Structure formats: C-alpha cells, structure tokens
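S.K.: I am attaching a structure below and will ask some questions about it afterwards.
Chains as they are written, first to last, in the numbering used here: chain B, -11 to 223; chain D, 26 to 315.
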C-alpha cells in the first residue's frame, strides 16, 4: 500500500481504538433503545427515534475520538512520526465522514428491517436519513474546524454558538419585524403545500441529496481551511 | 530503509526562533554521524525548542536545519521517517495497549519491525496487552523509547527520556543507546538534566543558556580542559576574567571554573585544580560574571 494512504489508515485505526469503549456503549444503547421503540411505539415514534439516535451517534462519536486525541496531545506525538500535517487533518475529516455515513447506513438497515416487519412508512424515514446525514456532515465541518482552532473545550462551545447563530438571527429578525410585514409573510406561506411537499418521497429524496452534497461540500471546504491553518500552527 | 552516505545527522546554522519573551539566538552545532550528543541547560534554556524545531513542530524564524545532510524543507515528514523521538509532551490515548499502538505505527513507519518491538517490550518487561493508563511514568518512558526504536531510525531525538526512570532502568536505557550507536549510521541527540548519564555515554555536549549557545564540544575535551580552582576570595580577585568561565562565592572562599586547565597550570603552578564534572561546569557557568 502507498505509504501516504497507509499512514492515513493508521491514523483512522487509532481513532477506532480510541472509540472502542464508546462504540460498545453506543451499540448497546442503540439495541436497547431501538428495541424498546419497536416494542412499544408506532411508526412515527420509530422514525424520530432512529433519526435522533443517528444524529446523536454520528455527531458524538467522531467528536469523542477527537477529544481523546486532544486530551493525550496525540497530534503533538503524531507529528513526530513520518506523518504530514495535511495527512493528520485529512484523516480527522475522513474519520468524521466515515463515522457519519456508516452510522446512517446502519440506521438505514434498521429502518429497512422495520419496513420488512410491516411497521409501515419506512420509505420516508429512509430518505430522511439522507437529510440527517447531510446536516451531520455540516455540523462536523463546523465542529472539526472549531476544535482544531480553539481546542476541545472552547472549540465545542464556539461550534455550538456558531450553529445557533442562524436560528437565533431568524428569531430576532421575526421579532423585530413590523407586525404587518410578519403577518403578510406568514399568510403567504402555505403550510399545507409545504407539508404535502415534505410528504412526497421524491421531494424528500431531492432534498436529501441536496443536503448530503451540501454537507460533503462544507466538510471539504472546512478540511481545506483547517489544512491551511495547521500548516501554520506551532506545537 | 538504511540510507548511508551522510556526514552529519544534524546540522544547525544560525537557528533563531522567538515567541513571547523567549528567544533562541543563532544556534549552530553539528551532530556527526555515529555519535551521541547531550543537550544540557537550565529549564527554559531552549533545549526542547531546539528539538521541536528539528522535528518541524515549530517553525524557525531564520537559520538552516540540515538532517542527514539534506535541508529540512516543508513539514519534514519524509525526513522524519529516519528519526525516532521521545518527547515529554504528547502520546497515544491512555486506553490503548502497546500492541494496538504498534498496529497504528506499523502503517505510519515503512521500517517498522514487529520482531524488534516485541524484543524491546520483553527487555523492558512490558506487557503488550497492558493498557497504557496502567503503566507507571517510568514504564511509559520505556514504552515510548521502544516505539521510537522499533522502526530502526537513524537518529534518535530524546527530550528528558530518563526522567522518572529508576537507576536500574536508566542504566538499561543507556546500554540500549550504546548498542544503538554500534551501527555507525545511527546518532542520538539527548537532552537531560542527569549529567552523570551524559558523561557516561555522550561524545559531544552542547550547552544552551537563556536561548544562546554557550558551547558545543567533545565531552572528553570538555572534561579535560575544564577544572575547578578552589581558592580564597583574595586569590580569586587576582585572576583576570579571561582565565575563568565562572565562579561561585562560598563560605570558605570561591569555586572558580577554569576553562583552560593546561594554560592555567602553567601560569599558576601552585594552584590545585580539581576535575570539573558536567554538573559543576553547568552550575558555575550559570553564575553571574564579574
């Protein structure tokens, strides 16, 4: 194997070892919680539970690996090895990407099984996983960049703050709008049409593909920017 | 993996680096192939900074770094494939076992040698299956060294590797370094405060103080040239400043560090000169000059 790919593989392997305990915990959590939902819940509860589990695991696991590395100052050690700063960053982003995609794939399998078992409405849930994966990749693009720049503790807080900016901005704008403008906007939006659109599988699929591509794009841009930052960073 | 035909494992020319109120000033020294160099100096003298600059963990402000006679360019990842290092800062996550660490490093180092790593673990009495968090500080130091040596590097950069090791382990460690150096293509740069160890194994000593290079000399020459002249305060005041490198006033008089024993013996035939250890040289150099 080419030495450069081999080194990235080694770095990914390090993340897997770091996450060994967490993976066991999440797997147990997934089985117990998912099982409970299947036993007691209806189809809508299943969808939300599976989507929620996917989101939590996909965001938390790569961040845990990152935090463990930061705690042990692994990067400091890794850069004394024949590993370039670029390889280090790329492996981190690949780790986030693979983790998110694999967990989504695993969730998709669960949703498909539930469909086969006759729980109904699995198609929309399966397609909505595309949107969830896209959103998670976007979150990783923010979290990874913030943690590289500000460290594990501060980086998480800053990333949460950044993620909270768009909804907060929207809320403030709505609050500041004159009453007439606000009511005219609300009256112009047809919630029935929107609901109908989101209930359509083709629309969800398109939205999902768009979200996924946007997520991959954001993650790639974040990776390039972090590579540039890391070239200058001193350890 | 072994690449021969180089003269100096490390060659630093006018190396400068500043951050905050610290400045590394125009450091120049060479570590010839097949030798061990000890890097000494007080805390904050610039030893770790120098090692980090060699490893490209820090970016130099100016000056040249050549490793194996090749200029260090970019982030130096390629040249680091010939270097093994042990730094105090940074390691694997503590839940990992030596076996898992080896699995990771096997993919990062082209020259990784599983058999040699197992031998080193056995020699250091380390279990490949024991979690790193269960290891003592000394055992971790041994593990770091085993991981650094397993890919058969040509240069070892060791920053305070023996701190935390008991005397037996330290002795084992020094023996291992001497074995390593049997291969004439291998060299070691070792920073340590345990000067007795350095006297035992080094060929060269480089002394840094406050970010400046005080000297970089052959160890045998240093121990031969430097001497301690114990005299009264009145006798000391008769000496001219160029005759000594430092002094320390004490209750009974003065300990004076003579930098040219031979010359001093000729000019002061009655003076009794004691041999100067590295620790004495460091201590007396550190005293304020007149």
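Don't be surprised by glycine CBs; every beta carbon is placed ideally from N, CA and C. Just so we're clear, the structure is a prediction, and the values are computed from it rather than from any experiment.
#1: Mind listing which residues of the region 80 to 100 of chain D have their C-beta closer than 7 Å to chain B's C-betas, in chain order?
#2: With 16 as the cutoff for other CB atoms within 10 Å, does residue 315 (chain D) come out buried or exposed?
#3: Which runs of the alpha helix (DSSP H), 4 residues or longer, sit entirely within the region 68 to 150 of chain B?
#4: Would a check of beta-carbon distances place residue 215 (chain B) closer than 8 Å to chain D?
#5: Going straight from the alpha carbon of residue 152 (chain D) to that of residue 76 (chain B), what length do you get?
#6: Please report the straight-line C-alpha distance between residue 127 (chain B) and residue 46 (chain B), rounded to a whole angstrom.
#7: Looking at the unbroken alpha helix (DSSP H) that takes in residue 301 (chain D), where does it start and where does it end?
#8: Considering only residues of the region 114 to 182 of chain D, which uninterrupted alpha helix (DSSP H) runs meet the minimum length of 4 residues and lie entirely inside it, listed in chain order?
#9: So residue 130 (chain D) contacts chain B; which residues on that side make the cut at Cβ distance below 8 Å?
#10: To which residues does DSSP link residue 62 (chain D) through a beta bridge?
#11: Any beta-carbon of chain B closer than 8 Å to the one on residue 162 (chain D)?
#12: For residue 104 (chain B) and residue 84 (chain B), I'd like the C-alpha separation in whole angstroms.
#13: In the DSSP assignment, find the alpha helix (DSSP H) that holds residue 5 (chain B) and state where it starts and stops.
#14: If we ignore side chains and look at the alpha-carbon of each, how far apart do residue 26 (chain D) and residue 136 (chain D) end up?
#15: Within 8 Å, do at least three Cβ pairs link the region 39 to 58 of chain D to the region 128 to 147 of chain D?
#16: Could you check if residue 99 (chain D) is buried or exposed, using at least 16 other CB atoms within 10 Å of its CB as the buried criterion?
#17: What is the DSSP secondary structure of residue 314 (chain D), reduced to helix, strand or coil?
#18: Mind listing which residues of the region -6 to 20 of chain B have their C-beta closer than 8 Å to chain D's C-betas, in chain order?
#19: Residue 117 (chain B) and residue 92 (chain B): beta carbons closer than 8 Å?
#20: Buried or exposed: residue 133 (chain B), going by 16 or more other Cβ atoms within 10 Å of its Cβ?
#21: If contact means a Cβ-Cβ distance below 7 Å, which residues of the region 145 to 174 of chain D contact chain B?
#22: Say whether chain D places a C-beta atom closer than 8 Å to the C-beta of residue 144 (chain B).
#23: Helix, strand or coil: how does DSSP classify residue 272 (chain D) here?
#24: With distance defined between alpha-carbon atoms, name the residue in B:140, B:131, B:153 nearest to residue 147 (chain B).
#25: Less than 6 Å between C-beta atoms, sequence neighbours within five positions excluded: which residues of the same chain meet that for residue 240 (chain D)?
#26: Grab me the residues of residue 306 (chain D)'s own chain with a C-beta within less than 6 Å of its C-beta, minus the 5 sequence neighbours each way, in chain order.
#27: Return the CA-CA distance between residue 14 (chain B) and residue 57 (chain B), expressed in angstroms with no decimal places.
#28: Hey, how far is the Cα of residue 122 (chain D) from the Cα of residue -1 (chain B)?
#29: Flag residue 211 (chain D) as yes if its beta-carbon sits less than 8 Å from any beta-carbon of chain B, otherwise no.
#30: Thinking C-beta only, is residue 54 (chain B) closer than 8 Å to residue 135 (chain B)?
#31: Are any of the Cβ atoms in chain B nearer than 8 Å to that of residue 141 (chain D)?
#32: Since residue 79 (chain D) and residue 182 (chain D) should fall inside the 8 Å C-beta cutoff, what is the C-beta to C-beta distance between them, to a whole number of angstroms?
#33: Chain B beta carbons: is any one of them nearer than 8 Å to that of residue 118 (chain D)?
#34: Using DSSP bridges, identify the partner residues of residue 72 (chain D).
#35: Apart from the five residues just before and just after residue 32 (chain D), which ones in its own chain have a Cβ nearer than 7 Å to its Cβ?
#36: Evaluate contact between the region 159 to 169 of chain D and the region 189 to 203 of chain D, counting only Cβ atoms and requiring at least three cross-stretch pairs below 8 Å.
M.R.: Well, looking at it:
#1: 80, 82, 83, 84, 100
#2: Walking along the second chain from the start, residue 315 (chain D) turns up at place 290. Because the pLDDT at residue 315 (chain D) is just 43, under 50, the model does not fix this residue reliably, and the value given afterwards should be weighed accordingly. Classification of residue 315 (chain D): exposed, given that the 10 Å Cβ count is below 16.
#3: 73 to 104, 110 to 138
#4: As a first step, residue 215 (chain B) is located in the first chain; it is residue number 227 there, counting from the start. Taking Cβ atoms only, chain D never reaches closer than 8 Å to residue 215 (chain B), which makes this a no.
#5: Working through the second chain from its first residue, we reach residue 152 (chain D) at position 127. Working through the first chain from its first residue, we reach residue 76 (chain B) at position 88. Between residue 152 (chain D) and residue 76 (chain B), the C-alpha separation is close to 29 Å.
#6: As a first step, residue 127 (chain B) must be located in the first chain, where it is residue number 139. As a first step, residue 46 (chain B) must be located in the first chain, where it is residue number 58. Taking the straight line from one Cα to the other gives about 10 Å.
#7: Here the question's residue 301 (chain D) lines up with position 276 in the second chain. It is not in any alpha helix (DSSP H) - residue 301 (chain D) carries neither H nor E in the DSSP assignment.
#8: 123 to 133, 139 to 148, 162 to 174
#9: Numbered from 1 along the second chain, position 105 holds the residue referred to as residue 130 (chain D). In chain order: -2, 69.
#10: Taking the second chain and counting its residues from 1, the one referred to as residue 62 (chain D) is at position 37. Paired residue(s): D:214, D:229.
#11: For this step, residue 162 (chain D) is matched to residue 137 along the second chain. Closer than 8 Å: no.
#12: Locating residue 104 (chain B) in the first chain gives position 116, counting from the first residue. Locating residue 84 (chain B) in the first chain gives position 96, counting from the first residue. Cα to Cα, residue 104 (chain B) sits roughly 30 Å from residue 84 (chain B).
#13: Start at 1 with the first residue of the first chain, and residue 5 (chain B) comes out as number 17. Looking at the DSSP string, the run of the alpha helix (DSSP H) that includes residue 5 (chain B) is -9 to 6.
#14: Position 1 of the second chain, counting from 1, holds the residue named residue 26 (chain D). Position 111 of the second chain, counting from 1, holds the residue named residue 136 (chain D). Its pLDDT being 48, under 50, residue 26 (chain D) is placed unreliably by the model, and nothing is read from it.
#15: no
#16: Within the second chain, the letter at position 74 stands for residue 99 (chain D). Looking at its Cβ environment, which holds fewer than 16 other Cβ atoms inside 10 Å, residue 99 (chain D) is exposed.
#17: As a working note, residue 314 (chain D) is residue 289 in the second chain. Residue placement at residue 314 (chain D) is flagged as unreliable, the pLDDT there being 48, under the threshold of 50; a coordinate-derived value is accordingly withheld.
#18: -6, -5, -3, -2, -1, 1, 2, 5, 6, 8, 9
#19: Here the question's residue 117 (chain B) lines up with position 129 in the first chain. Here the question's residue 92 (chain B) lines up with position 104 in the first chain. Yes, Cβ-Cβ distance for residue 117 (chain B) and residue 92 (chain B) is below 8 Å.
#20: Counting from 1 along the first chain, the entry for residue 133 (chain B) is found at position 145. Answer is buried; the Cβ neighbour count reaches 16.
#21: none
#22: Along the first chain, read from residue 1 onward, the residue named residue 144 (chain B) stands at position 156. Cβ-Cβ to chain D under 8 Å: no for residue 144 (chain B).
#23: For the purposes of this step, residue 272 (chain D) is identified with residue 247 of the second chain, where counting begins at 1. Residue state, collapsed to three classes: strand.
#24: In the first chain, the residue the question calls residue 147 (chain B) occupies position 159. Ranking the options by Cα distance to residue 147 (chain B), first place goes to B:131.
#25: As a first step, residue 240 (chain D) must be located in the second chain, where it is residue number 215. Excluding sequence neighbours, residue 240 (chain D) sits near 232.
#26: In the second chain, the residue the question calls residue 306 (chain D) occupies position 281. Correct list, in chain order: 251.
#27: For the purposes of this step, residue 14 (chain B) is identified with residue 26 of the first chain, where counting begins at 1. For the purposes of this step, residue 57 (chain B) is identified with residue 69 of the first chain, where counting begins at 1. The alpha-carbon atoms of residue 14 (chain B) and residue 57 (chain B) are separated by roughly 19 Å.
#28: To locate residue 122 (chain D), count along the second chain from 1; it is residue 97. To locate residue -1 (chain B), count along the first chain from 1; it is residue 11. Going by the C-alpha atoms only, they are around 15 Å apart.
#29: In the second chain, the residue the question calls residue 211 (chain D) occupies position 186. With 8 Å as the cut-off, residue 211 (chain D) does not count as an interface residue toward chain B.
#30: As a working note, residue 135 (chain B) is residue 147 in the first chain. As a working note, residue 54 (chain B) is residue 66 in the first chain. Yes.
#31: Numbered from its first residue, the second chain carries residue 141 (chain D) at position 116. Cβ-Cβ to chain B under 8 Å: no for residue 141 (chain D).
#32: Indexing the second chain from 1 puts residue 79 (chain D) at position 54. Indexing the second chain from 1 puts residue 182 (chain D) at position 157. Right, their Cβ atoms sit about 6 Å apart.
#33: Position 93 of the second chain, counting from 1, holds the residue named residue 118 (chain D). Yes, because at least one Cβ of chain B sits closer than 8 Å to the Cβ of residue 118 (chain D).
#34: On the second chain, residue 72 (chain D) is found 47 positions in, with the first residue counted as 1. Paired residues: none, contrary to the question.
#35: Sequence index remark: in the second chain, residue 32 (chain D) carries index 7 (1-based). Result list for residue 32 (chain D): 57, 58, 94, in chain order.
#36: yes
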